[in-house]
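Trainee:
Residue numbers (the working numbering), protein chains in the order written: chain E, 1 to 296; chain B, 297 to 658; chain R, 659 to 951.
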């Protein structure tokens, strides 16, 4: 077949081989499998209880309604009181905002100080922080409860803010330190010749350059702190229980008849904030994972 | 205006653990002098500059700027300003912000800051760039801003750490002239680090050639170029490189003479530093541009042309004097063919003799 | 003597140093100490040697916890690695809608373990879950009551955890795959090696670093397994799905046996160190290895 005789016409044909079709089909099936729990939760929350009992999980609701959502938000029973999961939502916010701010602030300053100073003590401190990131929380919890009791901050919002700072420190320090250590040394030198000291360099030069890392830190911390269960359970105190703990109480401590639609609605409500953060942040979420590993 | 200060280093030593990076150095830089620290990478020139600036601590010795012992003072208190190889501009500030940052830290009144920034910007012709960010500037513009940042400090001593190395050849030539003009205008003391010997020769009042953490030679460009104190300096300075012809000194009844298979002549008028010893192995150094074409001279020797390299403004002829390679710089229009024979003279006042064993000048 | 003061840096590091000393080293040391005492509801300082540890080993709940976490750990890590790698390898084939697919596989990772546990508990509910789906769709003999069968319940936790973490492994593997020299594909095509062979014998070994990173992250979360088990099964039925973290928490707070819990926690610590430390060491000693941390 001589190439000179053939004149190409039109677009290059798409390679629609059976392989490509099969590949896409398989991936779509996997995607559907991954989406199924979300779908099931959604669909269940929109059904009435009779329909749930008669029908099955995957069926679409015949008359979708938000009654279960309303009940979950305003009137679900979390243990003794029945004020709905909005109490937990508010609590989670009250815990989230200070915790994110404090843990990132201390992580940023620590990461900066460790990148600026490379003494032997600094390396040791950094090593301890990294090591702790792998150790199960159960090793630390009880002594911390006792210490916080003595300090009077157990079962309080300040207490759990401190806890989130303590356990967020390794990851936060890691990502900030790596970021600052990657900056050119001559920038520091120029700033020192200009007369700027440790804090001035941090505030005027380094922080403005750290915006991308701060975004990553916020994503990591918001997701991790909102999704936290164990620390909220132990340190927040009964008046400040976060949404995750309230959710578990709603589902696992119900006596008598279980209202699955309400439970699913409550579950979805709890999942909303991290899901929104996830879809809004897009690529940044992956960057966050790449930068600092995992929280819980 | 800050006084133009002299800089004095006495016995300065810097060590990183067991490694001595600077080895008991002494240096005197005169007021208003432009001193270039020239040397290959790793010779310690940047470390020395950082020590003068106060960015690196010295382990021994003293540093004086003007009449003050600044050895333990912070960089900002030494009366210095510094320009870096990578410009080191603050990325999130505009040009004005970059230039005024140091003055703001020093709590200067805003009016004074404005005035100084404006003056410096005019001198460097960057007034229309004041509101731009570094990312929006070209390499040459960024370096001007970096120089501007140093200018506003009104320092007594300016330190330059290879400021032109990141620029292309044309920009480098342009900014080289600017820096020289700046020095003439301000009369400030300037210490300039580079590995580029052309920059050194064109900018310096004096050059300090460094190798292996020590000064090899400190002298005017003329001195360093015409009377290099050892083989290293002779090779490092001057391009194309100096020719070296190995041979021997023979001290006879007529005085000392240079003997080699291809070349013999008397060294009676050579200014030896000390009386030469018989049978010393030496290397005779002559720069390609100092070899003279002498078609009419009776004393001319013959070289055989092997190959020519046109270099734009000149022609570099690679020849052989007997067995020895000799490169000669000739005008660009010279017509030469390989195999041709040329009569040349080696002017005695252009010769340098180096001990073959230790490279020292004889 | 030195230029400038070190004080600002020391002040800046003070919180971290305080945390490291008190919250990390101090708390860990105290827990380890308590494992050698006879603390019950409150800490006591009566030293009893290894008695708590021997009680621990004889404790049926603990034995079940240990075997559960071992089974869970192995299945979870292997399954997640396989699923994550396969998904990444397939997506890497320049499929259309890659961003959408990635979002779908990774979104479970953004959800809390409580949410994950409750969602899957509902999905696998013996009365209303997928067993009913199967029956309603015509498969009258379809059974799926693993959630209430003691010998099967641990697998339900595995399923939920794999769903949660596969996206993470996929993301790590994708990053690794994108770093593979594309010339390798051309070379293998010229040599005529079938795709699966290329993946199995060339690509996977090249991705050793990514696999190590993934294993470290997954292994860390294995020992942390608590929220998921509380939400899905609360240790049940009976004690069939007990896990070590839950054992510790229950004995610290509900059952008032701090000494025993401390012994359990210390055992968990030693296990984690023994598994993760060699991996980390291997990772860091590889020349030019691309690491996540």
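Glycine included, each C-beta is placed from N, C-alpha and C at the ideal position. Since the model is a prediction, treat every value here as computed from it, not as a measurement.
Assuming residue 940 of chain R is part of the alpha helix (DSSP H), what are its boundary residues?
Mentor: 916-943
Trainee: Would you report the Cα separation of residue 94 of chain E and residue 243 of chain E, rounded to the nearest angstrom?
Mentor: 11 Å
Trainee: Using 9 Å as the limit for Cβ to Cβ distance, is residue 56 of chain E near chain R?
Mentor: yes
Trainee: Taking the alpha carbon of residue 260 of chain E as the point to measure from, which residue in E/182, E/223, E/87 and E/50 has its own alpha carbon closest?
Mentor: E/50
Trainee: Pop quiz: residue 458 of chain B and residue 489 of chain B are said to be a contact at Cβ under 8 Å. What is the actual Cβ separation, rounded to whole angstroms?
Mentor: 6 Å
Trainee: Rounded to the nearest angstrom, what separates residue 34 of chain E and residue 924 of chain R at their Cα positions?
Mentor: Rounded to the nearest angstrom, the two C-alpha atoms are 36 Å apart.
Trainee: Who are the Cβ neighbours of residue 145 of chain E in its own chain at under 8 Å, not counting the five residues just before and after it?
Mentor: If we look at residue 145 of chain E and ignore the five residues flanking it on each side, its Cβ neighbours are 154, 234 and 235.
Trainee: Does the distance between the C-beta of residue 36 of chain E and the nearest non-hydrogen atom of the ligand FMN fall short of 8 Å?
Mentor: You won't find the ligand FMN in this model; it holds no ligand whatsoever.
Trainee: Taking residue 200 of chain E as the query, report the chain B residues whose CB atoms sit under 9 Å from its CB, ordered along the chain.
Mentor: 401
Trainee: Within its chain, find whatever has a CB closer than 7 Å to the CB of residue 327 of chain B; leave out the 5 residues flanking it on each side and keep chain order.
Mentor: 300, 301, 302 and 485
Trainee: Under 9 Å between C-beta atoms, does residue 357 of chain B make it to chain R?
Mentor: no
Trainee: Helix, strand or coil for residue 84 of chain E? Go by DSSP, reduced to three states.
Mentor: Residue 84 of chain E: coil per DSSP, three-state reduction.
Trainee: Is the shortest distance between the beta-carbon of residue 382 of chain B and the beta-carbons of chain E less than 9 Å?
Mentor: yes
Trainee: Under a three-way DSSP split, which group does residue 314 of chain B fall into?
Mentor: coil
Trainee: What did DSSP end up calling residue 512 of chain B once you bin it into helix, strand or coil?
Mentor: strand
Trainee: Beta carbons nearer than 9 Å to chain R: which residues of the region 365-395 of chain B have them?
Mentor: 367, 368, 369, 370 and 371
Trainee: Does the beta carbon of residue 13 of chain E come closer than 9 Å to any beta carbon on chain B?
Mentor: Per-residue confidence for residue 13 of chain E stands at a pLDDT of 49, beneath the threshold of 50, marking its modelled position as unreliable; no derived number is given.
Trainee: Would the beta-carbon of residue 619 of chain R fall within 9 Å of that of residue 263 of chain E?
Mentor: A query on residue 619 of chain R cannot be resolved here, the shown segment of chain R reaching from 659 to 951 and no further.
Trainee: If you run the structure through DSSP and keep just helix, strand and coil, what is residue 769 of chain R?
Mentor: coil
Trainee: Taking Cβ positions, are residue 426 of chain B and residue 391 of chain B nearer each other than 9 Å?
Mentor: yes
Trainee: Tell me which residues of the region 328-351 of chain B have at least one Cβ-Cβ distance to chain R shorter than 8 Å, keeping chain order.
Mentor: So the close ones are 350.
Trainee: Whose C-alpha, out of B/613, B/365 and B/573, is nearest the C-alpha of residue 551 of chain B?
Mentor: B/573
Trainee: With a cut-off of 8 Å on the beta carbons, I'd call residue 102 of chain E and residue 165 of chain E a contact; round off their distance for me.
Mentor: 5 Å
Trainee: Using a cut-off of 7 Å between C-beta atoms, extract the partners of residue 398 of chain B located in chain E.
Mentor: What residue 398 of chain B touches in chain E: 194 and 195.
Trainee: Measuring only between beta-carbons, confirm whether residue 937 of chain R sits less than 9 Å from chain B.
Mentor: no
Trainee: For a contact meaning CB atoms closer than 7 Å, what does residue 353 of chain B contact in chain R?
Mentor: 660 and 661
Trainee: Would you mind working out which of E/79, E/60 and E/252 sits nearest residue 36 of chain E, comparing C-alpha positions?
Mentor: Closest option to residue 36 of chain E, Cα to Cα, is E/60.
Trainee: Going by DSSP in three states, residue 613 of chain B sits in which element: helix, strand or coil?
Mentor: strand
Trainee: Quick check on DSSP: helix, strand or coil for residue 801 of chain R?
Mentor: Three-state DSSP puts residue 801 of chain R in coil, outside helix and strand.
Trainee: Just checking, does the region 130-138 of chain E make contact with the region 874-889 of chain R on the three C-beta pairs under 8 Å criterion?
Mentor: yes
Trainee: Sort out for me which residues DSSP pairs residue 636 of chain B with in a bridge.
Mentor: Per DSSP, none; premise fails for residue 636 of chain B.
Trainee: State the start and end residues of the unbroken alpha helix (DSSP H) segment that holds residue 555 of chain B.
Mentor: First-last for residue 555 of chain B: 551-555, but that is the beta strand (DSSP E), not the alpha helix (DSSP H).
Trainee: Please list, in chain order, all residues of the same chain as residue 801 of chain R whose beta carbon is under 7 Å from its beta carbon, the five residues on each side excluded.
Mentor: Residues of the same chain with a CB within less than 7 Å of the CB of residue 801 of chain R, apart from the 5 flanking positions on each side, are 789 in chain order.
Trainee: Please name the residues in the region 859-893 of chain R whose beta-carbon is closer than 7 Å to at least one beta-carbon of chain E, in chain order.
Mentor: 875, 878, 879, 881, 882, 884, 885, 888, 889 and 892
Trainee: Return helix, strand or coil for residue 237 of chain B, following the three-state DSSP convention.
Mentor: Outside the displayed range of chain B (297 to 658) lies residue 237 of chain B, so it cannot be described from this structure.
Trainee: For residue 529 of chain B, which residues of its own chain have a beta-carbon under 7 Å away from its beta-carbon, when the five flanking residues on both sides are left out?
Mentor: 505, 512, 513 and 520
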